[in-house]
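These notes concern the structure reproduced below.
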Amino acid sequence: MRGAILHAPGDVRVEDRDRPTIVEPTDAIIRLSAACVCGSDLWPYRGIETYDGPIPMGHEYVGIVEEVGDQVSAIKPGDFVVGSFFASDNTCEICRAGYQSSCIHRQGVGGAQAQYLRVPLADGTLVATPNVPSDDLIPGFLAASDVLGTGWFAAAAAEAGPGKTVAVVGDGAVGLLGVLAAKQLGAERIIAMSRHESRQNLAVEFGATDIVAERGDEGVARIKEMTNGLGAHSVIEAVGTQESMMQAIRATRPGGHVGYVGVAHDVQLPGEELFFSHVHLHGGPAPVRQYLPELIDLIWNRKINPGKVFDLELPLEQAAEGYKAMDERRAVKALLRP
Ligand SMILES: [Zn+2]
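Quick note, this note's numbering runs 8 ahead of the 1-based positions in the sequence shown.
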């Protein structure tokens, strides 16, 4: 089969790889209907995150179940399924509390920019749609696999809801879908922080009521001006840098909440400032599995259209161009058709 491999920074190639097979009786093999490039794939692509040797890329996936192990009972061949980047048993105490991405049996799922994928702990990890969806719904389900689930967790962790003003730091796919999630959760005012017109427009379409183009200290000052000098109740942090994290914390009012989901890279939090801020911090790798049944229902019934974050679609063979376009910020998110 064909699959994308990262050989070195800036060097992604689609090559022949062994087709995965059932290893454990709890595995499933799925034939991917679509895959995509994640903002977090850009960290190793840019050489900011180091890794050993060539790595198969991709951790967002939807597809048709091809084969299941002997102990899999909740899904069957022919089902269209959505999973996420950590496999989980969905039965342990941590999973039952809604933190499947910290499951005591969690396993990373990788190599999804390919034709086939092995998913461990299939019963706990995969959720089937009511039926095989029409083609136009596939991008939405693919978004649910990571960026929508992550944006949703960020909005929930930031306690977005009725009466709340929510600010969103980061205008990538996760930030934009954080806007959509905040809207669905009933937030009163949603301020998207973005300086790119096409992303601002999508943020407004997803439910943003205001746009702030400034960033850093100036961005914080704008949020305070808009909130009687107090700061937002809820701030979504969807970048993962020192600047974005401090922007999020400083834009939050005392007693408010930051939901941080940008994968942290060299972020150092100042203890004394944090102590006096009275800001709640909650985040991490999103337990996407917790939200999948609800998100699948919303997408299946066409209540939300998160697939709009894909503004570039390419055949899998052209994965390298998808990385390049996202790296150069010519595209928000690239969808790959195997
Ligand atoms: Zn678990």
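Just so you know, even glycine gets a beta-carbon here, dropped at the ideal spot from N, CA and C.
Closest by C-alpha distance to residue i, when choosing among the options
i	options	result
residue 274	144, 249, 328, 155	249
residue 290	163, 127, 281	163
residue 148	338, 331, 318	318
residue 295	190, 111, 346	111
residue 129	98, 144, 155	98
residue 19	49, 67, 245	49
residue 345	58, 63, 69	69
residue 252	201, 262, 288, 279	201
residue 285	115, 143, 206, 258	258
residue 303	71, 236, 83, 154	154
residue 262	287, 137, 160, 283	287
residue 323	29, 186, 40	40
residue 151	102, 71, 95, 109	71
residue 139	21, 225, 83	83
residue 106	343, 307, 293, 306	293
residue 178	95, 246, 13	246
residue 230	255, 207, 209	255
residue 219	174, 236, 181	174
residue 85	199, 60, 108, 38	38
residue 124	24, 28, 146	28
residue 160	194, 279, 137, 309	194
residue 157	337, 16, 300	300
residue 104	308, 297, 307	297
residue 281	32, 100, 260, 311	260
residue 337	233, 232, 316, 207	207
Which residues DSSP lists as bridging residue i, in chain order
i	result
residue 344	43, 322
residue 289	266
residue 260	240
residue 64	13
residue 168	The partner list for residue 168 (beta bridge, DSSP) is empty, contrary to what the question assumes.
residue 36	76, 127
Run of the beta strand (DSSP E) containing residue i, from where it starts to where it stops
i	result
residue 72	69-76
residue 23	19-24
residue 11	10-16
Span of the alpha helix (DSSP H) around residue i
i	result
residue 317	Careful: residue 317 lies outside any alpha helix (DSSP H) and carries neither H nor E.
residue 299	296-308
residue 311	Here residue 311 belongs to no alpha helix (DSSP H), and DSSP marks it neither H nor E.
residue 56	Per DSSP, residue 56 belongs to no alpha helix (DSSP H) and is neither H nor E.
residue 157	155-165
residue 329	327-335
residue 151	146-152
Just to confirm the assignment: which complete beta strand (DSSP E) runs, minimum length 3, are found wholly within the segment 173-246?
The qualifying runs are 173-177, 197-201, 218-220, 240-245.
Does the segment 35-52 come into contact with the segment 323-343, if we say contact requires no fewer than three beta-carbon pairs (one atom in each stretch) closer than 8 Å?
Yes, the segment 35-52 is in contact with the segment 323-343.
Mind pulling the alpha helix (DSSP H) runs of 4 or more residues that sit fully within the segment 76-139?
Those alpha helix (DSSP H) runs which fall completely within the segment 76-139 and span 4+ residues are 101-104, 130-133.
Count Cβ pairs between the segment 51-59 and the segment 72-84 that sit closer than 8 Å; are there 3 or more?
Too few Cβ pairs lie closer than 8 Å, so no.
Would you call the segment 166-173 in contact with the segment 190-204, where contact means no fewer than 3 C-beta pairs closer than 8 Å?
The answer is yes - the segment 190-204 touches the segment 166-173, with three or more Cβ pairs under 8 Å.
Is it a yes or a no for the segment 114-127 touching the segment 85-102, going by three-plus beta-carbon pairs under 8 Å?
With a cut-off of 8 Å, the segment 85-102 and the segment 114-127 count as touching, because enough Cβ pairs lie within range.
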